[in-house]
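Asker: Each position in the sequence shown, counted from 1, maps to that position plus 69 in this note's numbering.
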Amino acid sequence: METKTISTIKVRTNLLRSGVKPSEVFAWACLDFANSGYTTVVLTAVFNAYFVSTIMEGSTNATLIWTSILSVSYLLVMITAPLLGAYADSHGTHKIILFWATISCSLTTICLGFSTPGSVFLAGVLLVVSNLSYSVHQDITASYLVNFCESSQLGKMSGFGWAWGFVGGITTLILCLLWVFNAAFLLGTPTVNIQTKVSGAMVITGSIFAFISFFALLNLGDFKYLNTNSNWKTAWTRTIKALGSRKKSKDLFDFLFCVFIYQSGIAIVITVAAIYAKEVMNFSVEQTISMILVVNFSACIGAFVFGFLQDKIGHKKSIFISLIFWLITVAMIFFAESSQFFWIAANFAGLAMGASQSGARAAVAYMSPVDKQAENFGLWGVSINAASILGPFLYGLATFFTNNNHRISILLVGVFFLTSIFLLIRCKFRPPAQG
70 METKTISTIK
80 VRTNLLRSGV
90 KPSEVFAWAC
100 LDFANSGYTT
110 VVLTAVFNAY
120 FVSTIMEGST
130 NATLIWTSIL
140 SVSYLLVMIT
150 APLLGAYADS
160 HGTHKIILFW
170 ATISCSLTTI
180 CLGFSTPGSV
190 FLAGVLLVVS
200 NLSYSVHQDI
210 TASYLVNFCE
220 SSQLGKMSGF
230 GWAWGFVGGI
240 TTLILCLLWV
250 FNAAFLLGTP
260 TVNIQTKVSG
270 AMVITGSIFA
280 FISFFALLNL
290 GDFKYLNTNS
300 NWKTAWTRTI
310 KALGSRKKSK
320 DLFDFLFCVF
330 IYQSGIAIVI
340 TVAAIYAKEV
350 MNFSVEQTIS
360 MILVVNFSAC
370 IGAFVFGFLQ
380 DKIGHKKSIF
390 ISLIFWLITV
400 AMIFFAESSQ
410 FFWIAANFAG
420 LAMGASQSGA
430 RAAVAYMSPV
440 DKQAENFGLW
450 GVSINAASIL
460 GPFLYGLATF
470 FTNNNHRISI
480 LLVGVFFLTS
490 IFLLIRCKFR
500 PPAQG
């Protein structure tokens with residue numbers, strides 16, 4: 070048993086594996102920092118609105134085209150993520166894959182800024198490639214968790230990385246907004262058109278992704294636990310075996326299905342938060358952007374605090390609590406009539422988002438063999454991206470059948486979280502040797 074004496078050295082020893090430097094852990098967390106800016110700026114706050122309002126030139130199908138393009142990218146992720154993960158585990162190419170994913174995502178993100186009114190095909194291709202690259206970057210980053218700490222510390226480690234990631238999202242968005250609101254002054258011109266503003270935001274986002282990721286990769290060691298096989302055929306074979314061996318990996322697959330269900334609810338929240346705020350709560354653009362910043366800040370706190378709770382009370386109980394938070398959030402959103410109450414609900418959503426997403430990452434790492442981390446996180450990516458297709462699609466159907474009533478349709482999110490709670494109760498969280 071460890072003594073109760075607290076010191077920096079003991080805390081560091083207890084948290085990290087022998088030989089792991091804190092600087093290397095920080096470098097890994099910077100990968101989360103780098104990629105979070107992409108989702109915050111491109112998918113949530115800036116480029117999505119530009120695509121719908123400007124690139125689509127006011128088309129009534131604008132939102133449908135946007136979600137369809139994202140669905141194509143999610144389908145490609147579902148196909149490629151487990152394969153790349155299996156290949157990384159076999160060949161130790163984690164850093165190489167991260168390097169190319171960084172180049173691909175950063176360059177295509179910058180190029181998104183060249184999209185003009187009517188350039189739907191160009192924007193669509195760039196969006197698919199950038200989102201695919203981002204997803205690969207996220208999955209391979211997650212596989213590094215076991216490199217740094219013992220299984221009893223996975224919650225804290227995942228929470229630290231996820232929290233630092235939300236800081237990255239906040240930082241990137243603030244820098245982009247500073248550019249958007251001050252572009253005319255910085256360029257020395259009376260006015261600046263929307264394309265110039267968005268182009269600058271895309272350059273900022275892509276550059277931060279690249280510079281921070283390259284800094285991280287320069288300070289990140291190689292992955293330590295390999296399954297030494299030799300060729301691409303092995304990657305396909307291992308992936309097919311993983312998909313066909315549900316009984317052998319029942320604990321993991323049961324949990325991944327639970328993640329798929331509750332992530333469908335989270336995907337709805339992420340996708341329609343700005344729409345709900347505008348259509349139901351009559352938020353202005355400034356209020357909506359402020360809300361996104363607040364949600365990211367709350368999510369940072371949720372990921373960090375729940376990481377400690379997860380290691381203390383276990384994966385199942387901590388994720389259960391985060392799902393209860395989600396149910397409370399949905400109820401608050403449904404009953405919210407005032408903007409003040411909606412702000413409180415937004416903070417609850419942030420706490421729940423950080424806790425549930427970071428918690429799932431730690432749990433997958435805990436239940437996966439050390440030499441199959443990237444492969445299993447590829448399967449985790451399949452669950453998340455399948456949810457990103459299903460959740461918003463069903464929400465769209467709900468709004469159709471309720472005559473565009475967002476307040477009633479948001480109850481669908483509660484159904485996802487309630488269902489996932491019942492699924493979670495049946496999940497068993499055991500290390501792979503016992504699974």
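Cβ coordinates follow ideal geometry from the N, Cα and C atoms, glycine included.
Would you kindly report the start and end of the unbroken alpha helix (DSSP H) that includes Tyr-203?
Answerer: Segment 189-211, the alpha helix (DSSP H) holding Tyr-203.
Asker: Between which two residues does the alpha helix (DSSP H) containing Asp-158 stretch?
Answerer: Its alpha helix (DSSP H) spans residues 131-160.
Asker: What are the boundary residues of the alpha helix (DSSP H) that includes Leu-167?
Answerer: Element bounds for Leu-167: 163-181.
Asker: For the ligand PLP, I want to know if Tyr-203 counts as a neighbour, meaning its beta carbon is within less than 7 Å of at least one of the ligand's heavy atoms.
Answerer: What this structure holds is no ligand at all, so the ligand PLP is not there to describe.
Asker: Taking 8 Å as the threshold (C-beta atoms), are Ile-337 and Leu-481 in contact?
Answerer: In this structure, Ile-337 lies closer than 8 Å to Leu-481 by Cβ.
Asker: Using C-beta distances below 7 Å, list every residue in its chain close to Gly-257, excluding the 5 sequence neighbours before and after it, in chain order.
Answerer: If we look at Gly-257 and ignore the five residues flanking it on each side, it has no Cβ neighbours.
Asker: At the level of alpha carbons, what is the spacing between Ala-118 and Val-341?
Answerer: Looking at the two C-alpha atoms, the distance is approximately 12 Å.
Asker: Within 10 angstroms of its Cβ, does Pro-461 collect 16 or more other Cβ (buried), or is it exposed?
Answerer: Looking at its Cβ environment, which holds 16 or more other Cβ atoms inside 10 Å, Pro-461 is buried.
Asker: Tell whether a beta-carbon distance below 8 Å holds between Leu-289 and Lys-164.
Answerer: It is a contact, given that the beta carbons lie within the stated cut-off.
Asker: Which runs of the alpha helix (DSSP H) fall wholly inside the segment 404-448 and span at least 4 residues, in chain order?
Answerer: Qualifying alpha helix (DSSP H) stretches, in chain order: 408-436.
Asker: Would you report the Cα separation of Tyr-107 and Glu-355, rounded to the nearest angstrom?
Answerer: Spanning the two alpha carbons is a distance of roughly 20 Å.
Asker: Since Val-328 and Ala-421 are thought to touch, with beta carbons under 8 Å apart, how far apart are those beta carbons, to the nearest angstrom?
Answerer: About 14 Å; that fails the 8 Å criterion.
Asker: When you compare each of Pro-500, His-475, Met-147, Thr-274 to Val-110 by their alpha carbons, which one comes out closest?
Answerer: Ranking Pro-500, His-475, Met-147, Thr-274 by Cα distance to Val-110 puts Thr-274 first.
Asker: Tell me the DSSP secondary structure of Arg-495 in three-state form.
Answerer: Helix, per DSSP.
Asker: Measuring only the C-alpha atoms, how far is Ile-134 from Ser-140?
Answerer: If I take the Cα positions, the gap works out to 10 Å.
Asker: With C-beta atoms as the reference, is Phe-470 less than 8 Å away from Ala-368?
Answerer: No, the pair does not count as a contact, with Cβ atoms beyond the cut-off.
Asker: When we look at the beta-carbon of Lys-90 and count the other beta-carbons within 10 Å, is it buried (16 or more) or exposed?
Answerer: With fewer than 16 other Cβ atoms within 10 Å, it is exposed.
Asker: Count the other CB atoms within 10 Å of the CB of Gly-230; is the residue buried (16 or more) or exposed (fewer)?
Answerer: Classification for Gly-230: buried.
Asker: Roughly how many whole angstroms lie between the Cα atoms of Phe-389 and Leu-493?
Answerer: The straight-line gap from Cα to Cα measures roughly 7 Å.
Asker: Quick check: the Cα distance between Gly-161 and Met-147, rounded to an integer number of angstroms?
Answerer: Going by the C-alpha atoms only, they are around 21 Å apart.
Asker: Quick check on the burial criterion: 16 or more other C-beta atoms within 10 angstroms. Buried or exposed for Lys-441?
Answerer: Buried.
Asker: So, does the segment 152-161 touch the segment 204-213, judging by three or more C-beta pairs under 8 Å?
Answerer: With a cut-off of 8 Å, the segment 204-213 and the segment 152-161 count as touching, because enough Cβ pairs lie within range.
Asker: Quick check: what's the CA-CA separation for Asp-158 versus Ser-212?
Answerer: Near 9 Å, if we compare the C-alpha coordinates of Ser-212 and Asp-158.
Asker: Per the contact definition of three or more C-beta pairs closer than 8 Å, is the segment 232-247 in contact with the segment 188-199?
Answerer: Touching, no, given that fewer than three Cβ pairs across the two stretches are closer than 8 Å.
Asker: Provide the residue span of the alpha helix (DSSP H) that contains Glu-126, from first to last.
Answerer: Element bounds for Glu-126: n/a, residue is neither H nor E.
Asker: Grab me the residues of Leu-321's own chain with a C-beta within less than 6 Å of its C-beta, minus the 5 sequence neighbours each way, in chain order.
Answerer: Within the same chain, Leu-321 has close Cβ partners Met-436.
Asker: Please state whether DSSP places Ile-75 in a helix, a strand or coil.
Answerer: Legend: pLDDT at Ile-75 = 34, less than 50; position of this residue unreliable, no value from coordinates given.
Asker: Spatial neighbours of Ala-114 within its chain, please: C-beta separation below 7 Å, excluding the five flanking residues on both sides.
Answerer: Hits under 7 Å: Leu-242, Ile-358, Ile-361.
Asker: Considering just the uninterrupted stretch of the alpha helix (DSSP H) at Thr-340, what are its terminal residues?
Answerer: That run of the alpha helix (DSSP H) goes 319-348.
Asker: I'd like the span of the alpha helix (DSSP H) that includes Arg-476, first residue to last.
Answerer: Counting along the chain, the alpha helix (DSSP H) containing Arg-476 begins and ends at 475-478.
Asker: Take every Cβ of the segment 167-186, pair it with every Cβ of the segment 277-288, and state whether three or more of those distances are shorter than 8 Å.
Answerer: Yes, since at least three Cβ pairs between the segment 167-186 and the segment 277-288 fall closer than 8 Å, the two stretches touch.
Asker: Determine the direct distance from the alpha carbon of Phe-352 to that of Ala-285, and round the result to whole angstroms.
Answerer: About 38 Å.
Asker: Helix or strand or just coil, what does DSSP make of Val-110?
Answerer: DSSP places Val-110 in helix when its eight states are reduced to three.
Asker: Out of Val-267, Phe-486, Ser-142, which one is the CA nearest neighbour of Thr-398?
Answerer: Of Val-267, Phe-486, Ser-142, the residue nearest in Cα terms is Phe-486.
Asker: With Phe-283 as the anchor, note down where its alpha helix (DSSP H) starts and where it stops.
Answerer: Note, Phe-283: alpha helix (DSSP H), 263-288.
Asker: Taking the continuous alpha helix (DSSP H) assigned at Thr-185, which residues delimit it?
Answerer: No alpha helix (DSSP H) holds Thr-185; DSSP gives it neither H nor E.
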